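Below is one structure, written out as structure tokens; the observations come after it.
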Amino acid sequence: MILRLTALALGLSFAAANPLTAQTADPHTGHHGARPSVSTVNGAVPPGIIRGLEEVTVVLDTLTSDGQRLVITRGIRRAGTRVGIHVHQHGGHTCVLSGTITDFVEGKPNSVWPAGTCYYMPANTPMSAANLGTEDAVLMDTFQLPPGAPTITIVEPGAGQ
Numbered sequence: 447m448i449l450r451l452t453a454l455a456l457g458l459s460f461a462a463a464n465p466l467t468a469q470t471a472d473p474h475t476g477h478h479g480a481r482p483s484v485s486t487v488n489g490a491v492p493p494g495i496i497r498g499l500e501e502v503t504v505v506l507d508t509l510t511s512d513g514q515r516l517v518i519t520r521g522i523r524r525a526g527t528r529v530g531i532h533v534h535q536h537g538g539h540t541c542v543l544s545g546t547i548t549d550f551v552e553g554k555p556n557s558v559w560p561a562g563t564c565y566y567m568p569a570n571t572p573m574s575a576a577n578l579g580t581e582d583a584v585l586m587d588t589f590q591l592p593p594g595a596p597t598i599t600i601v602e603p604g605a606g607q
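Here our numbering is used: the first residue of the sequence shown is 447, the next is one more, and so on.
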């Protein structure tokens with residue numbers, strides 16, 4: 447019981463100090479420079495202006511019964527923008543609530559995800575997601591990871607978000 451309470455207290459203190467729990471311009475801010483830089487996905491620079499998500503809110507940031515951290519965020523990817531090439535150490539998934547997202551994942555064909563669909567983000571795989579349409583896209587991201595682990599690590603030079 448004491449161990450569980452200690453783990454919960456540590457998780458809560460981490461959550462309180464973590465920028466993901468605040469409503470910031472981009473709670474996906476993660477580690478930068480922890481991996482070698484990557485400037486292309488499948489040999490090409492993804493299209494779109496590099497820009498963070500906007501109007502981001504943390505829907506859920508909690509510890510699960512097995513001690514993992516569950517983080518769900520909602521944000522807007524403006525038309526014509528993309529996230530810098532990045533990796534998710536523990537993977538995750540994104541649901542497109544409105545608009546359309548084009549996903550660029552190393553080793554996979556580019557894929558288009560319209561409103562009402564979700565896609566998986568494989569662990570430790572360089573990727574970028576772009577809104578190549580004319581309508582802003584509303585996204586919901588979900589990550590399950592160890593407490594203290596970043597949700598995202600930007601690996602593209604000059605794309606620090």
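Just so you know, even glycine gets a beta-carbon here, dropped at the ideal spot from N, CA and C.
Model, not experiment: these values are computed from the prediction.
Check, Outcome
"Helix, strand or coil for Q590? Go by DSSP, reduced to three states.", "strand"
"What did DSSP end up calling R528 once you bin it into helix, strand or coil?", "strand"
"Quick one: is G553 buried, meaning 16 or more other Cβ sit within 10 Å of its Cβ, or exposed?", "exposed"
"So, does the stretch 514-530 touch the stretch 555-570, judging by three or more C-beta pairs under 8 Å?", "no"
"Nearest by alpha-carbon distance to C541: which of P482, V584 and I496 is it?", "V584"
"Just tell me which of S485, V484, S483 and P492 has its CA closest to the CA of P555.", "P492"
"Can you name the start and end residues of the beta strand (DSSP E) that G538 belongs to?", "G538 to S544"
"Is DSSP giving E552 helix, strand or coil here?", "coil"
"Let me make sure I understand the geometry here. Which of L543, G538, M586 and V558 has the alpha-carbon closest to that of N570?", "G538"
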